[in-house]
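K.L.:
There are 2 protein chains.
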Amino acid sequence: MLYIIGLGLGDEKDITIRGLEAIRSCTNVYMEAYTSLLSFGLSSNGLSNLESLYGKSIILADREMVEEKSDDILSEAHHSHVAFLVVGDPFGATTHTDLVVRAKKLGIDVKIVHNVSVMNAIGICGLQLYRYGETVSIPFFTDTWRPDSFYEKIQTNRNMGLHTLCLLDIRVKEPTLESLARGRKIYEPPRYMTINTAIEQLLEIEQARQESAYGEDTECVGFARLGSEDQMIVAGTMKQLQTIDFGAPLHCLVITGKTHPLEEEMLDFYRCRT
Amino acid sequence: MLYIIGLGLGDEKDITIRGLEAIRSCTNVYMEAYTSLLSFGLSSNGLSNLESLYGKSIILADREMVEEKSDDILSEAHHSHVAFLVVGDPFGATTHTDLVVRAKKLGIDVKIVHNVSVMNAIGICGLQLYRYGETVSIPFFTDTWRPDSFYEKIQTNRNMGLHTLCLLDIRVKEPTLESLARGRKIYEPPRYMTINTAIEQLLEIEQARQESAYGEDTECVGFARLGSEDQMIVAGTMKQLQTIDFGAPLHCLVITGKTHPLEEEMLDFYRCRT
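Those sequence lines, one after another, are chains A and R.
With full-length UniProt numbering, letter number 205 in the first sequence gets 205, and the count goes up by one each step, no holes.
With full-length UniProt numbering, letter number 114 in the second sequence gets 114, and the count goes up by one each step, no holes.
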């Protein structure tokens, strides 16, 4: 049996009873380190807190391990219970569909233990989840690579009065170009896009396209460390949010569409006072 | 302190450790009965299972009570800890924004304990959550009231290649028209729309509009009791799904947009064999 278990967004206490019972029944417990290192593994005592609550040691599986060693993980799951832990929900912003497909093709039973993901936790700001259009990703621009496919999507959403969730780039364990050329991988330091960078890039593209999909006066909501005890949520214009230090990652950004009175009332509690 | 605590979608074991600890710290524990009666309260031993796990009695709060007695609930929260339990996530498909707004205006501390909601649990079928457009609601048609505003939304989503989540009508504790006229409320029996009825209504509107937003050969995914042990998930055309008995509520339906190969691979596991 392969359990894929969502851990939620905050700390070790965000697991469900169902998830905890499943982990305790498992021989081996893997944890996806790609997006989760930050939330759990690298935080002060994150990993050991998880281990002591679960009563199990956790094997951190980085992106390479998941890609290269998943055959081993899956073959263990043939004859014993194996847990694969994921921050948020197993099918949230980061997807584990591929692992599930491979397991099912091998005839391994797969059980999913759901949890909150960024995709629904953003509901806390008061913007109704059913009033969102397509989600977009904002990638880090480089000197030569400045993809702007998010622009039309935001434009379409806003034309329909819909809100847009912008997921901001995460670069963890990216090999340097130089090291790839030399055939021995050396990794870039991890990078997590801030709300400030995201807005800078968004405004750069608006400046270039000039189609008024949004602008520096467009109302947005910035979220940092959503779902954890020290989460920070601020509503304001792009210009206002750009001046705010949201602190440690992860960040995400919502660009509002047309808001309803009750949505406005909730946003007021988060509104920037500058 | 007012805690608004998501219970997840299955049974008592889907609460998080954080949620459980919060409940145990509370003087009074209310549970929203409007959408939750079905999942927890009315199921064989639902409510007593919750109570025995929590070590607390639960006061069921139906829609009227939430609307009429929320002042009392809020005034308790001024001087003690009060929990308000909600199926799914506090800001999922059914929103509790209004209660939060009123509490905050009264200066009451509000803490949200998140959980999975239908809005992200549908990820389990393999269709990527960031490839969904606006969510639509399908209301029960009556002889004289056949609203079809969902039609343009589905059309827009599908034109952009996006999937559409259709939330199906729930009618719990609706006073009969006759009883309203007489000034003494008598309630209709609860009704939960099935996938079959939803598809029937969808096709009726397509028939009337003839704009090919979708049709009986459009690929869909039907979900019944999503997130519980006996959930049923079937992928197939509208025509195929219309012949399937999905059993007890709650049901929801996803109309696919343009699918990617990995999405197709996942859908294959759920595909209807008729």
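Every residue, glycine too, gets a C-beta built ideally from N, C-alpha and C.
Bear in mind that the values here come from a model prediction, so they are computed numbers and not experimental data.
What is the DSSP secondary structure of glycine 8(A), counted as helix, strand or coil?
P.N.:
Note: glycine 8(A) maps to strand in three-state DSSP.
K.L.:
When burial is assigned at 16 or more other CB atoms within 10 Å of the CB, is aspartate 72(A) buried or exposed?
P.N.:
That one is exposed.
K.L.:
Name, in chain order, the residues that DSSP records as bridge partners for asparagine 115(A).
P.N.:
Beta-bridge pairing links asparagine 115(A) to no other residue.
K.L.:
Using a Cβ-Cβ cut-off of less than 7 Å, list which residues of the segment 209-223 of chain A approach chain R; keep chain order.
P.N.:
Going along the segment 209-223 of chain A in chain order, one finds no residue with a Cβ nearer than 7 Å to chain R.
K.L.:
When you compare only the Cα positions, how much space is there between glutamine 155(R) and glutamate 76(R)?
P.N.:
If you take the alpha carbons of glutamine 155(R) and glutamate 76(R), they lie about 47 Å apart.
K.L.:
Apart from the five residues just before and just after alanine 198(R), which ones in its own chain have a Cβ nearer than 7 Å to its Cβ?
P.N.:
Here the set comprises Ile138, Cys166, Leu168 and Leu253.
K.L.:
Taking the continuous alpha helix (DSSP H) assigned at isoleucine 233(R), which residues delimit it?
P.N.:
No alpha helix (DSSP H) contains isoleucine 233(R), which is instead part of the beta strand (DSSP E) from 232-237.
K.L.:
Please identify, using Cβ separations under 7 Å, the residues of the segment 154-166 of chain R that lie next to chain A, in order along the chain.
P.N.:
Answer in chain order: Thr156, Met160 and Leu162.
K.L.:
Quick one: give me the first and last residue of the beta strand (DSSP E) that methionine 31(R) is part of.
P.N.:
Methionine 31(R) -> beta strand (DSSP E) spans 28-32.
K.L.:
Out of Phe246(R), Ile108(R) and Asp98(R), which one is the CA nearest neighbour of glutamine 128(A)?
P.N.:
For glutamine 128(A), the nearest C-alpha among the options comes from Asp98(R).
K.L.:
Does the segment 144-159 of chain R come close enough to the segment 199-214 of chain R that 3 or more CB-CB pairs lie under 8 Å?
P.N.:
Touching, per the Cβ criterion.
K.L.:
Skipping 5 residues on each side, what residues in its chain have a beta carbon closer than 7 Å to that of asparagine 196(R)?
P.N.:
Same-chain partners within the cutoff: Gln242.
K.L.:
DSSP three-state label for tyrosine 214(R), please.
P.N.:
Reduced to three states, the DSSP call for tyrosine 214(R) is coil.
K.L.:
Helix or strand or just coil, what does DSSP make of isoleucine 170(A)?
P.N.:
In this structure, isoleucine 170(A) counts as strand in the three-state DSSP scheme.
K.L.:
Closest to valine 136(A) by CA distance: which of Pro175(A), Phe150(A) and Thr142(A) is it?
P.N.:
For the residues Pro175(A), Phe150(A) and Thr142(A), the minimum Cα distance to valine 136(A) belongs to Phe150(A).
K.L.:
The segment 110-126 of chain A: which residues have C-beta closer than 7 Å to a C-beta of chain R, in chain order?
P.N.:
Answer set for the segment 110-126 of chain A: Ile112, His114, Asn115, Val116, Ser117, Met119, Asn120, Ala121, Gly123, Ile124 and Gly126.
K.L.:
Measuring alpha carbon to alpha carbon, tell me which of Glu200(A), Leu203(A), Thr256(A) and Asn115(A) ends up nearest cysteine 220(A).
P.N.:
Of the listed residues, the one whose Cα sits closest to cysteine 220(A) is Thr256(A).
K.L.:
CA-CA distance, isoleucine 186(A) and leucine 177(A)?
P.N.:
One C-alpha to the other measures close to 9 Å.
K.L.:
From glycine 133(A) to arginine 184(A), what does the alpha carbon distance come to, in whole angstroms?
P.N.:
Computed Cα separation, rounded: 42 Å.
K.L.:
In the DSSP assignment, what residue or residues form a beta bridge with serine 2(A)?
P.N.:
Per the sequence presented here, residue 2(A) reads as leucine, with serine not at that position. Paired residues: Val82(A) and Val110(A).
K.L.:
Check whether the segment 17-32 of chain R touches the segment 56-72 of chain R, counting contact only when three or more Cβ pairs, one atom from each stretch, lie closer than 8 Å.
P.N.:
Yes, they touch.
K.L.:
Determine the contact status of lysine 69(A) and arginine 18(R), defining contact as a CB-CB distance below 8 Å.
P.N.:
In this structure, arginine 18(R) does not lie closer than 8 Å to lysine 69(A) by Cβ.
K.L.:
Would you say tyrosine 130(R) lies against chain A (beta-carbon separation less than 8 Å)?
P.N.:
Yes, tyrosine 130(R) lies at the interface with chain A (some Cβ there is under 8 Å from its Cβ).
K.L.:
For isoleucine 15(R), decide whether its Cβ has a neighbour in chain A, counting only Cβ atoms nearer than 8 Å.
P.N.:
Isoleucine 15(R) counts as touching chain A.
K.L.:
Along chain R, which residues have their Cβ under 8 Å away from the Cβ of leucine 262(A)?
P.N.:
Those are Thr97, Asp98 and Val101, listed as they occur along chain R.
K.L.:
Kindly indicate if chain R contains any beta-carbon less than 8 Å away from that of methionine 232(A).
P.N.:
False, the Cβ-Cβ gap to chain R never drops below 8 Å.
K.L.:
From arginine 273(A) to leucine 267(A), what does the alpha carbon distance come to, in whole angstroms?
P.N.:
Using only the alpha carbons, I get a separation of about 12 Å.
K.L.:
Can you check whether the C-beta of arginine 18(R) is within less than 8 Å of a C-beta belonging to chain C?
P.N.:
Among the protein chains in the structure shown, which are A and R, there is no chain C.
K.L.:
Compare the C-beta of methionine 266(R) against all C-beta atoms of chain A and say whether one is closer than 8 Å.
P.N.:
Taking Cβ atoms only, chain A reaches closer than 8 Å to methionine 266(R), which makes this a yes.
K.L.:
Does threonine 16(R) pass the burial test, meaning 16 or more other C-beta atoms within 10 Å, or should it be called exposed?
P.N.:
So threonine 16(R) counts as buried.
K.L.:
Is valine 66(A) near glutamate 32(A), with beta carbons less than 8 Å apart?
P.N.:
Taking 8 Å as the Cβ cut-off, valine 66(A) and glutamate 32(A) qualify as a contacting pair.
K.L.:
Checking contacts by CB at 8 Å: is lysine 56(A) closer than that to chain R?
P.N.:
Not an interface residue.
K.L.:
Mind checking histidine 79(A): buried by the 16 CB within 10 Å criterion, or exposed?
P.N.:
Exposed: under 16 other Cβ atoms inside 10 Å.
K.L.:
Check whether the Cβ atoms of methionine 232(A) and threonine 218(A) sit closer than 8 Å, and answer yes or no.
P.N.:
Cβ atoms of methionine 232(A) and threonine 218(A): not closer than 8 Å.
K.L.:
According to DSSP, is arginine 146(A) part of a helix, a strand, or is it coil?
P.N.:
In this structure, arginine 146(A) counts as coil in the three-state DSSP scheme.
K.L.:
Hey, is threonine 135(A)'s beta-carbon within less than 8 Å of any beta-carbon in chain R?
P.N.:
Threonine 135(A) counts as touching chain R.
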